[in-house]
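Q: Sharing a structure below in C-alpha cells format, with a few things to ask.
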Amino acid sequence: MSRSGFVFVVVALLLCATIPALLTTTPTKGYPASPHYGNAYVGEFWLEEMNITLDTANSSGYDIAKMVKGHVRAQNDWIVYDANNSIVANYSIQIGDEHPWFNITMYMEVYAVKFNFSTFVGSAWESVDCQENRGYNLHGNISVPLSDINFTGENLTLVCYLKAIIYSKMKFNLNPPKNLTYMVEDRSIVTVEESENTNTDFSWYVNQADKYSPSMWKNIPGIEFQSPEIQENWTIEQTVASFVDLGYNVSNDDQGGNDNIERKTWYLEHLLIFSDLANLWTENDIPLRYRRAVKILDYGIEQPHMKWEASMEEKEEGKIVGPAKVNFTVIGGSLPVPVFVTWQLTGDHGGGGSTWLWYRWRGKEVYKPWSGSDTLTVVVPSHIRKNESITSMDDLKFDGNIIVNHRLIDNNRYTLDIKFVNESDNNESNNNNTTISCYYPTWESVVAYRVIAPSSIRVTSVADDNGVTTVKINIGDFTRNSSDIFIYTFGADSGNYRVNIHG
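In our numbering, the protein residues as written are 466 to 968.
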C-alpha cells in the first residue's frame, strides 16, 4: 500500500466525535500452528464511539461529550522468509462527520531477537492533521518490508510494537478546552523461517522473545507484593492503564529513613534522551527504517560501586533501605513522545526498581514517578543478624537493567558495601536523613492501573463464560475534573485480562 493511502486511514481513525479519539490496543493470545508463505499479519485497527455524560444540572446546553475509542488487535504470526513480502497491520475505518481537529501518529517498530539481546530493524509510520467534520469509510494497511530485517537463514524471532499517539482537545460545556494526549501500544511476535519444515513449537519463540525482549511492564515495580496468582499470570501477559492530570503534583510521602545515618543516593546511570515524533520524518540523512521517535543521545554507568552505612538496629531488623535512581534528561522536540524510564536492580541480597514518566506540558518538562520507590532494599541474612562480631557486608552484587520505552538501554553489574555502625558513633549531621517516597499501581484482577490526579476513576471487573476478565474503567470524573490529560494503555484488550474505558 502507498504511504499516501495510509494518510487517509489515520485521518479516518480519529475523525469521529465532538471530542478527541481514544485508541486502545489488543493482542490475540493464540499461537500459529505452523509457518506459512506470504505476508506476516500483526494487527488490525477499528473504531468504537464513546460518550461521557455530563452533569446536566450544571451544563450549558450539552448533555453528552462524545469520543471515539479506537482499537488495535495485535496477533502473532509464523512465516517463511521472502524478501518481497512484508509485516502488515490492517485497518477498517468507518466514522461520521462530527468531530474537531486532531493530530495523530501511528507507527510500528520491529525488533529482532538475536542470541541474548534484541536489535531495532525497522519501522513504519504515518502522521496527519485530521480536519474537522469529515466522514470516512476506508480500508488499508501499514507495513515493514521483510527485506529490511537482514534475515541470514534458519529462523529469526521478531517483536513488533504497534503504537499510536493522539494530540487533541477535549471540551466540556462552555469551559475552555483541555489538551488530551492518548498513547497506546501493544506487541506481537513474528517468527521468520528459512523453510516451512520445522520441528520447533511456536511457544519456544514466544519464550525467547519474553526472555530477551520483554515489555517494560513485565517486571513492574510492585508486582512482588501481589498474590501468586497475579504474579503467575503477569509473566504471560501484561495489561496496564495510566490516567494522569498533567497539572497535578504527586505528593511527596515520607516513608521513613534514619535520622542519624547518612545514606547517599546511588546514581546508577545517566541518560540523555531526545523525544520527538518529528524524528520519524525530519532525519533526512537516516534511512526511514532506522528512525525512531525516542532516541538515546548518550548513556553510561555513573556509580558502579557504592558504600552505605547502616545502624545496628537495621542490622538486627534484617532490612536496609537506601535511595537509588537514574539521572535522566529528556529533550523534547516539536511533537514530543511520552517517555517511560525504568531501572531495576536484582541480586541475592535484595533488589529495587522504579519507573518514571516524562512529558512536556504547556512548555514545561514534567517528570512524574509512575511506580516504585527509587530505593534499593538489602536483606541481611540471619547468620549476620545474629553475629555481633560482623560489622560489614562487602561486595554485594546486583544486576542492573535500564529500560526506556521497552528498549533495554544498558545492563551492568553493580556492587555495594555496607558498614554497620552505632548511631552514637556517627558524627554526620541529622539533616542528612534518607527520604523515601513510594508509588505503586493499583490492581484490579490482573490489570495494573495508576491514577495521578485529584479525581478518582471507578473500576469494576466482570468475567465471561470464556474465561476473559474485563476491567471496566469509568473516566467521567477524571476527565471532567482534570486540567490537561494524559492517558496510556498497554495491552488493553489482550488475552484473558482486558480493559474497557468508558464514561
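Backbone N, C-alpha and C fix where the C-beta goes; we use that ideal spot for every residue, glycine too.
1. By the 10 Å Cβ neighbour count, where 16 or more other Cβ atoms means buried, how is M635 classified, buried or exposed?
2. For I940, does the count of other Cβ atoms within 10 angstroms reach 16, so buried, or fall short, so exposed?
3. Just the Cα atoms here: how many angstroms apart are P906 and N946?
4. Would you list, in sequence order, the uninterrupted beta strand (DSSP E) runs of no fewer than 3 residues that lie entirely inside the stretch 632–689?
5. So within the stretch 756–808, which uninterrupted beta strand (DSSP E) runs reach at least 3 residues, ignoring any that extend past its ends?
6. Might you give, ordered along the chain, the residues of its own chain that have their beta carbon closer than 6 Å to the beta carbon of H770, omitting 5 neighbours on each side?
7. Nearest CA to the CA of N887: which residue from K676, S776 and S668?
8. In this structure, how does DSSP classify L733 when only helix, strand and coil are distinguished?
9. Going by Cα to Cα distance, which pick from W731, C595 and F885 is closest to D562?
10. Grab me the residues of M648's own chain with a C-beta within less than 6 Å of its C-beta, minus the 5 sequence neighbours each way, in chain order.
11. Which residues does DSSP list as the beta-bridge partners of Y832?
12. Taking the Cβ atom as the reference point for each residue, do L627 and I552 lie within a distance shorter than 8 Å?
13. Counting only the same chain and skipping the five closest in sequence on each side, list residues whose C-beta sits under 6 Å from that of K494.
14. List the whole-angstrom C-beta distance separating E779 from I785, where the pair is believed to meet the contact cut-off of C-beta under 8 Å.
15. Looking only at its own chain, which residues have a Cβ that is under 7 Å from the Cβ of D813, when we skip the five neighbours before and after it?
16. Going by DSSP, name the residue or residues bridged to R850.
17. Within 10 angstroms of the Cβ of N895, are there 16 or more other Cβ atoms? Answer buried if so, exposed if not.
18. Report yes if the CB atom of I950 is closer than 8 Å to the CB atom of L639, and no otherwise.
19. I'd like to know whether the C-beta atoms of Q540 and N602 end up nearer to each other than 8 Å.
20. Using the three-state DSSP reduction, which class does D875 fall into: helix, strand or coil?
21. Is the stretch 733–743 in contact with the stretch 856–872, if contact means three or more CB pairs nearer than 8 Å?
22. Kindly indicate the opening and closing residues of the beta strand (DSSP E) around N698.
23. By alpha-carbon positions, which one of W773, D860, V916 and V845 ends up nearest to K833?
24. I'd like to check one pair, L762 with F793: are the Cβ atoms closer than 8 Å?
25. Who does E513 pair with in a DSSP beta bridge?
26. Which residue from P497, N550, Q673 and G818 puts its Cα closest to that of G503?
27. Taking all protein chains shown into account, decide if N581 is buried (16 or more other Cβ within 10 angstroms of its Cβ) or exposed.
28. Would you report the Cα separation of E513 and N965, rounded to the nearest angstrom?
29. Going by DSSP, name the residue or residues bridged to D710.
30. Nearest CA to the CA of S799: which residue from Q809, R825 and Y713?
31. Can you give the Cα-Cα distance for S680 and S588, rounded to whole angstroms?
32. Judging by CA-CA distance, which residue of N931, D958, A928 and R923 is the nearest neighbour of G968?
33. Report buried or exposed for I927, applying the criterion of at least 16 other Cβ atoms within 10 angstroms of its Cβ.
34. Let me check understanding here. Comparing Cα to Cα, which of G605, R827, N877 and I751 lies closest to Q809?
35. Quick one: grab the DSSP three-state call for G956.
36. According to DSSP, is F616 part of a helix, a strand, or is it coil?
A: Checking against the coordinates, here is how it stands:
1. Within a 10 Å sphere around the beta-carbon of M635 sit 16 or more other beta-carbons, which makes this residue buried.
2. Residue environment: I940 is assigned as buried (16 or more neighbouring CB atoms within 10 Å of its CB, all protein chains considered).
3. Cα to Cα, P906 sits roughly 21 Å from N946.
4. Counting whole runs of 3 or more residues, the stretch 632–689 contains the beta strand (DSSP E) stretches 643–658.
5. Listed in chain order, they are 759–766, 770–776 and 784–797.
6. Once the five neighbours on either side are set aside, the close Cβ partners of H770 are T880.
7. Closest in C-alpha terms to N887, from the list K676, S776 and S668, comes S776.
8. Looking at L733 - three-state DSSP - the assignment turns out to be strand.
9. It is C595 whose Cα lies nearest to the Cα of D562.
10. Around M648: I630, P803 and Y953.
11. According to DSSP, which records beta bridges pairwise, Y832 is partnered with W823.
12. With contacts defined by Cβ atoms closer than 8 Å, L627 and I552 do not form a contacting pair.
13. For K494, the pLDDT reaches just 48, beneath the cut-off of 50, and the residue's location in the model is therefore unreliable, although a value from the coordinates is still provided. Closer than 6 Å at the Cβ level, and outside the excluded window around K494, lie G960.
14. Contact between E779 and I785 holds: CB atoms are separated by about 5 Å, below the 8 Å threshold.
15. So the list is empty, once near-sequence residues are dropped.
16. When beta bridges are read from the DSSP output, R850 appears opposite no residue.
17. The predicted position of N895 is uncertain, since its pLDDT is 40 and thus under 50; a value taken from the coordinates is nonetheless stated next. Exposed is the call here.
18. No, Cβ-Cβ distance for I950 and L639 is not below 8 Å.
19. Cβ atoms of Q540 and N602: not closer than 8 Å.
20. Strand, per DSSP.
21. At 8 Å Cβ cutoff, the stretches touch.
22. Per DSSP, N698 belongs to no beta strand (DSSP E); it is in the alpha helix (DSSP H), P693 to I701.
23. K833 has its Cα closest to that of V916, out of W773, D860, V916 and V845.
24. Result no, Cβ atoms of F793 and L762 do not sit closer than 8 Å.
25. DSSP, once it has assigned bridges, lists K534 as partnering E513.
26. For the set P497, N550, Q673 and G818, the Cα lying nearest the Cα of G503 is the one of N550.
27. By the neighbour-count rule (16 or more Cβ atoms within 10 Å), N581 is not buried but exposed.
28. In a straight line, the C-alpha of E513 is about 11 Å away from that of N965.
29. Per DSSP, the beta bridge partners of D710 are I950.
30. Per the C-alpha coordinates, the member of Q809, R825 and Y713 positioned closest to S799 is R825.
31. Approximately 17 Å between the Cα atoms of the pair.
32. When each option's Cα is compared against that of G968, the closest is R923.
33. It is worth fixing the name first, because residue 927 is Val in this sequence and not Ile. Counting Cβ neighbours within 10 Å, V927 comes out exposed, since fewer than 16 surround it.
34. Per the Cα distances, N877.
35. Three-state DSSP puts G956 in coil, outside helix and strand.
36. DSSP places F616 in coil when its eight states are reduced to three.
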